[in-house]
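Enquirer:
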Ligand code: SF4
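In our numbering, the protein residues as written are 1 to 373.
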């Protein structure tokens with residue numbers, strides 16, 4: 001059964017979600033080794049041997065957030081210990097530092113801060129964030145604002161998603177993170193992130209971005225309460241979304257898939273207890289990494305592990321399970337580090353290069369849209 005599924009994949013056929021579930025449920029070593037081998041061969045065919053990385057900096061402009069996702073150790077109420085909200089000068093200082101360290105990208109996301117308004121409007125505040133960076137550094141690629149943030153702005157200002165995305169693009173947003181996806185399954189979302197946008201809304205906002213010419217990434221938060229069936233449902237929705245963008249000739253699409261295994265060490269207690277462990281299980285993350293490559297690779301060729309979640313050793317191992325990219329330098333990482341991740345908060349370029357060298361594969365610096373630099 002496993003051999004027949006893997007042969008289908010090697011012949012270039014798209015697997016069904018049911019076939020993906022069969023792969024995810026394998027426990028014997030030889031089947032898992034065959035899945036790994038297939039993912040690695042498909043990676044080679046679909047993305048080549050070069051492992052890429054991007055020099056980027058995260059800027060989380062606030063952690064004040066109206067929501068209470070059950071996995072989130074980052075959020076704070078206004079005035080609470082540890083709450084922060086960067087002003088324009090602080091944001092500019094971080095962007096200036098990033099440029100001094102050769103960054104090509106700023107990745108900017110934040111909590112859903114009801115106080116973040118200008119003249120009563122949420123959109124003007126976000127546009128000012130964009131202009132703060134782009135007026136000073138027009139050459140920087142601004143990868144900013146999750147679908148959840150787009151919905152938040154639209155709700156606060158009574159605008160359509162299209163109006164919000166078009167305004168952000170016009171101001172200088174170059175692409176959007178496909179975060180807040182968690183698991184695209186409303187039964188999971190009701191427990192994990194009950195206040196967040198539902199599956200259909202996430203898909204609608206990302207598809208709108210593609211239609212308006214804003215590329216996005218895609219992500220999955222794995223290894224908590226979700227089942228293999230729900231994992232495959234998630235990947236199936238991402239694949240369909242990409243097929244829609246390509247079939248309709250949208251000006252943009254999904255640039256990459258990033259697996260984000262759940263780190264629970266500092267997560268709020270109820271979910272942490274329910275999941276029952278603090279750090280991801282590497283073997284589970286690697287099997288899912290391989291199945292994601294096999295399932296999505298015909299449509300989304302770039303796959304990235306998270307060194308923040310898995311540590312650099314784990315992420316380097318994932319490069320043998322279907323990944324072709326090692327992500328970014330980040331320069332500072334708050335969201336997962338506050339959750340207790342052990343991977344660190346920044347990575348030097350040389351460290352990423354050495355990790356790739358250890359696999360005897362060539363490396364290359366890329367921009368956000370996977371163009372080699
Ligand atoms: S995950 Fe994002 S939306 Fe959810 S509580 Fe944390 S900061 Fe807020």
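From the three backbone atoms N, C-alpha and C, an ideal C-beta is built for every residue, glycine too.
As the structure is a prediction and not an experimental result, all values here were calculated from the model.
Return the bridge partner residues of residue 218 from the DSSP annotation.
Expert: On the chain shown, residue 218 is found 218 positions in, with the first residue counted as 1. In the DSSP output, where bridge partners are listed per residue, residue 218 has 257.
Enquirer: When you compare the CB positions of residue 177 and residue 143, do they come within less than 8 Å of one another, or not?
Expert: If you number the chain shown from 1, residue 177 lands on position 177. If you number the chain shown from 1, residue 143 lands on position 143. A distance below 8 Å separates the beta carbons of residue 177 and residue 143.
Enquirer: Any heavy atom of ligand 1 closer than 7 Å to the beta-carbon of residue 190?
Expert: For the purposes of this step, residue 190 is identified with residue 190 of the chain shown, where counting begins at 1. No; taking the cut-off as 7 Å, the Cβ of residue 190 has no heavy atom of ligand 1 nearer than that.
Enquirer: Roughly how many angstroms lie between the CA atoms of residue 12 and residue 297, to the nearest whole one?
Expert: To locate residue 12, count along the chain shown from 1; it is residue 12. To locate residue 297, count along the chain shown from 1; it is residue 297. Cα to Cα, residue 12 sits roughly 10 Å from residue 297.
Enquirer: State yes or no: is the C-beta of residue 181 within less than 8 Å of the C-beta of residue 210?
Expert: Here the question's residue 181 lines up with position 181 in the chain shown. Here the question's residue 210 lines up with position 210 in the chain shown. Cβ atoms of residue 181 and residue 210: not closer than 8 Å.
Enquirer: Find out if the Cβ-Cβ distance for the pair residue 42, residue 9 is shorter than 8 Å.
Expert: Stepping through the chain shown from its first residue, residue 42 is reached at position 42. Stepping through the chain shown from its first residue, residue 9 is reached at position 9. Taking the C-beta atoms as reference points, residue 9 is found nearer than 8 Å to residue 42.
Enquirer: Keeping to the same chain, check which residues put their C-beta closer than 6 Å to that of residue 36; ignore five residues upstream and five downstream.
Expert: Translated into the one-based positions of the chain shown, residue 36 becomes position 36. So the list reads 290 and 321, once near-sequence residues are dropped.
Enquirer: Taking three-plus beta-carbon pairs below 8 Å as touching, is the segment 253-262 in contact with the segment 213-220?
Expert: Counting Cβ pairs under 8 Å, three or more are found: they touch.
Enquirer: Measuring alpha carbon to alpha carbon, tell me which residue in 306, 312, 300 and 337 is nearest residue 14.
Expert: Within the chain shown, numbered from 1, the residue matching residue 14 stands at position 14. Closest by alpha carbon: 300.
Enquirer: Where does residue 102 land, buried or exposed, given buried means 16+ other C-beta within 10 angstroms?
Expert: Within the chain shown, numbered from 1, the residue matching residue 102 stands at position 102. That one is exposed.
Enquirer: Regarding residue 68 and ligand 1, is the C-beta to nearest heavy atom distance less than 7 Å?
Expert: Mapped onto the chain shown, residue 68 falls at position 68. Yes - ligand 1 has a heavy atom lying nearer than 7 Å to the Cβ of residue 68.
Enquirer: So does residue 107 have its beta carbon nearer than 7 Å to some heavy atom of ligand 1?
Expert: Here residue 107 is taken as the residue at index 107 of the chain shown, counted from 1. False, no ligand heavy atom lies under 7 Å from that Cβ.
Enquirer: What distance in whole Å lies between the Cβ atoms of residue 161 and residue 205, which are believed to be in contact at a cut-off of 8 Å?
Expert: Counting from 1 along the chain shown, the entry for residue 205 is found at position 205. Counting from 1 along the chain shown, the entry for residue 161 is found at position 161. The pair is a contact, with the Cβ atoms about 5 Å apart (cut-off 8 Å).
Enquirer: With contact counted as at least three CB pairs below 8 Å, one residue from each stretch, are the segment 44-55 and the segment 64-77 in contact?
Expert: no
Enquirer: Within the continuous beta strand (DSSP E) that includes residue 334, where are the two ends?
Expert: Taking the first residue of the chain shown as 1, we reach residue 334 at position 334. Annotation for residue 334: no beta strand (DSSP E) segment contains it, and DSSP assigns it neither H nor E.
Enquirer: Taking C-alpha atoms, which residue in 109, 158, 50 and 294 lies nearest to residue 63?
Expert: As a first step, residue 63 must be located in the chain shown, where it is residue number 63. Per the Cα distances, 109.
Enquirer: So does the segment 322-334 actually touch the segment 14-33, counting three or more Cβ pairs closer than 8 Å?
Expert: no
Enquirer: Taking the straight line between their C-alpha atoms, what separation do you get for residue 324 and residue 247?
Expert: Stepping through the chain shown from its first residue, residue 324 is reached at position 324. Stepping through the chain shown from its first residue, residue 247 is reached at position 247. About 25 Å.
Enquirer: Within 10 angstroms of the Cβ of residue 203, are there 16 or more other Cβ atoms? Answer buried if so, exposed if not.
Expert: Counting from 1 along the chain shown, the entry for residue 203 is found at position 203. Buried, since its Cβ has 16 or more Cβ neighbours within 10 Å.
Enquirer: Ligand 1 heavy atoms versus the CB of residue 196: any closer than 7 Å?
Expert: Residue 196 sits at position 196 when you count from the first residue of the chain shown. Yes, Cβ of residue 196 sits closer than 7 Å to a heavy atom of ligand 1.
Enquirer: My guess is that residue 235 and residue 280 are in contact by the Cβ rule of under 8 Å, so how many angstroms apart are they, rounded?
Expert: One-based indexing of the chain shown puts residue 235 at position 235. One-based indexing of the chain shown puts residue 280 at position 280. 18 Å between Cβ atoms; not a contact.
Enquirer: Is any heavy atom in ligand 1 found nearer than 7 Å to the beta carbon of residue 74?
Expert: As a working note, residue 74 is residue 74 in the chain shown. Yes, ligand 1 has a heavy atom inside 7 Å of this Cβ.
Enquirer: Closer than 7 Å to a non-hydrogen atom of ligand 1 - does that hold for the CB of residue 265?
Expert: Numbered from its first residue, the chain shown carries residue 265 at position 265. Because no heavy atom of ligand 1 lies under 7 Å away, the Cβ of residue 265 does not count as near it: no.
Enquirer: Is residue 112 near ligand 1 - that is, is its Cβ less than 7 Å away from at least one heavy atom of it?
Expert: Numbered from 1 along the chain shown, position 112 holds the residue referred to as residue 112. Answer for residue 112: yes, Cβ within range of ligand 1.
Enquirer: Would you call residue 196 buried or exposed, if buried means 16 or more other Cβ atoms sit within 10 Å of its Cβ?
Expert: What you label residue 196 is simply residue 196 of the chain shown in a count that begins at 1. Buried is the call here.
Enquirer: Do the CB positions of residue 369 and residue 255 come within less than 8 Å of each other?
Expert: Position 369 of the chain shown, counted from the first residue, corresponds to residue 369. Position 255 of the chain shown, counted from the first residue, corresponds to residue 255. Result yes, Cβ atoms of residue 369 and residue 255 sit closer than 8 Å.
Enquirer: Roughly how many angstroms lie between the CA atoms of residue 83 and residue 27, to the nearest whole one?
Expert: Position 83 of the chain shown, counting from 1, holds the residue named residue 83. Position 27 of the chain shown, counting from 1, holds the residue named residue 27. Near 43 Å, if we compare the C-alpha coordinates of residue 27 and residue 83.
Enquirer: For residue 245 and residue 237, what's the separation of their Cα atoms in angstroms?
Expert: Your numbering for residue 245 matches position 245 in the chain shown. Your numbering for residue 237 matches position 237 in the chain shown. Straight-line Cα distance between these residues: approximately 12 Å.
Enquirer: Would you kindly work out how many angstroms separate the C-alpha atoms of residue 282 and residue 241, rounded to a whole number?
Expert: For the purposes of this step, residue 282 is taken as the residue at position 282 of the chain shown. For the purposes of this step, residue 241 is taken as the residue at position 241 of the chain shown. Taking the straight line joining both Cα atoms gives about 28 Å.
Enquirer: So residue 105 is in the beta strand (DSSP E); what residue range does that whole segment cover?
Expert: Counting from one through the chain shown, the residue named residue 105 turns up at place 105. Segment 105-109, the beta strand (DSSP E) holding residue 105.
Enquirer: Checking the sheet assignment: what are the DSSP bridge partners for residue 56?
Expert: For the purposes of this step, residue 56 is taken as residue 56 along the chain shown, with counting starting at 1. Its beta-bridge partners are 105.
Enquirer: Taking the alpha carbon of residue 78 as the reference point, which residue from 315, 114 and 294 has its own alpha carbon closest?
Expert: Taking the chain shown and counting its residues from 1, one reaches residue 78 at position 78. When each option's Cα is compared against that of residue 78, the closest is 114.
Enquirer: Just mark residue 304 as buried or exposed, buried being the case when its beta carbon has 16 or more other beta carbons within 10 Å.
Expert: Walking along the chain shown from the start, residue 304 turns up at place 304. Buried is the call here.
Enquirer: Would DSSP call residue 141 helix, strand or coil?
Expert: Counting from 1 along the chain shown, the entry for residue 141 is found at position 141. Three-state result, residue 141: strand.
Enquirer: Just how far apart, CA to CA, sit residue 132 and residue 157?
Expert: Numbered from 1 along the chain shown, position 132 holds the residue referred to as residue 132. Numbered from 1 along the chain shown, position 157 holds the residue referred to as residue 157. Those two C-alpha atoms are separated by around 21 Å.
Enquirer: Using CA coordinates, which residue listed in 212, 179, 288 and 129 is at the minimum distance from residue 226?
Expert: Your numbering for residue 226 matches position 226 in the chain shown. It is 288.
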